[in-house]
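Residue numbers (my numbering): 575 to 763. Glycine is no exception: its CB is placed at the ideal position from the N, C-alpha and C atoms. From a predicted model like this one, the values you see are computed outputs, not experimental measurements.
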Amino acid sequence: MGGANKLLAPFEGEPLVARAVDAALASRAAIVVVVTGFQPARVRRALAGRDVEFAHNRYHARGLGGSLRRGLRALDDGIEGALIQLADMPWVRADHLDALIAAFARARRRPICVPVRGRRRGNPVLWPVRHFAALCALQGDVGGRGLLRRYAGEVVRVAMSDAAVMRDVDTLADLKAASVPRASRARLP
């Protein structure tokens, strides 16, 4: 992103991070914890007035593993699971999150709930508390993909009606393509 904080990049008039947080707040999630890293004060200001808790990962430059660890440790005792949502996926809505939460709640033994579109797996992923230690053990810029393979028998695939759970914004080109007016966006691949 050319050194800019992509979470503060505007998307349809608001920062990417605000889109993700607003989706989480509109969902059935019991609590929303925002893990900050780069420019934490600016991220907090962008989320002013929203009912969230903040947890700062001062080692954010070491990769995603530390942010996962910091976020999970900020959660209250007694929770059954955590929905790990990425702030650079502005198309993910509350209904996507609620579908994962509903699948988790329906299952007798709380599964790992993964959104899918067709045969492809996306994000966010809802993890049961029994896997928090394994998630906290991740080091560097590693997410839970390896754990999903390790615990494949516990994964419930939750079908999504659109590709929002597959799309993210990683580059300036991604952001520019995402900023195309809605009428034109339908033609984009």
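To the nearest whole angstrom, what separates the beta carbons of residue i and residue j, a pair I think is in contact under 8 Å?
{"i": "V591", "j": "L638", "result": "About 16 Å separates the two Cβ atoms, so there is no contact after all."}
{"i": "A673", "j": "M734", "result": "7 Å"}
{"i": "L722", "j": "D662", "result": "Wrong, their Cβ atoms sit about 19 Å apart, outside the cutoff."}
{"i": "I675", "j": "Y725", "result": "That pair is no contact at about 19 Å."}
{"i": "A600", "j": "A679", "result": "Not confirmed; about 17 Å, so no contact."}
{"i": "F585", "j": "P664", "result": "5 Å"}
Quick one, which of the options has its alpha-carbon nearest residue i's?
{"i": "L657", "options": "R618, N697 and L582", "result": "N697"}
{"i": "L660", "options": "E588, V609, G727 and R616", "result": "V609"}
{"i": "R647", "options": "F706, L700 and G727", "result": "F706"}
{"i": "H630", "options": "R636, R624, G623 and S641", "result": "S641"}
{"i": "R691", "options": "R731, P664 and A583", "result": "R731"}
{"i": "A701", "options": "L712, G718, Q713 and G714", "result": "Per the sequence shown, residue 701 should be read as Trp rather than Ala. Of the listed residues, the one whose Cα sits closest to W701 is G718."}
{"i": "F612", "options": "R632, P589 and G587", "result": "R632"}
{"i": "L649", "options": "I605, R618 and P614", "result": "I605"}
{"i": "V716", "options": "R636, R619, R602 and A677", "result": "R636"}
{"i": "R618", "options": "K750, P589 and H634", "result": "P589"}
{"i": "R602", "options": "H634, G727, A677 and K750", "result": "A677"}
Just to confirm, are residue i and residue j a CB contact at a threshold of 8 Å?
{"i": "L671", "j": "A598", "result": "yes"}
{"i": "C710", "j": "R643", "result": "yes"}
{"i": "R626", "j": "V607", "result": "The sequence shown places Val at residue 626, rather than the Arg named in the question. Yes. Within cutoff."}
{"i": "V703", "j": "I653", "result": "yes"}
{"i": "G714", "j": "R684", "result": "no"}
For the alpha helix (DSSP H) containing residue i, name the first residue and the last one.
{"i": "V591", "result": "L590 to A600"}
{"i": "R719", "result": "R719 to R724"}
For residue i, verify whether its CB is less than 7 Å away from any heavy atom of the ligand COA.
{"i": "L646", "result": "With respect to the ligand COA, the structure shown offers nothing to examine, as it has no ligands at all."}
The beta strand (DSSP E) with residue i in it runs from where to where?
{"i": "L700", "result": "V699 to P702"}
{"i": "A707", "result": "From DSSP, A707 is part of no beta strand (DSSP E) but of the alpha helix (DSSP H) over F706 to C710."}
{"i": "R731", "result": "V729 to A733"}
Ordered list of beta strand (DSSP E) runs contained in the region 610 to 688, each at least 3 residues: 627 to 630 and 655 to 658
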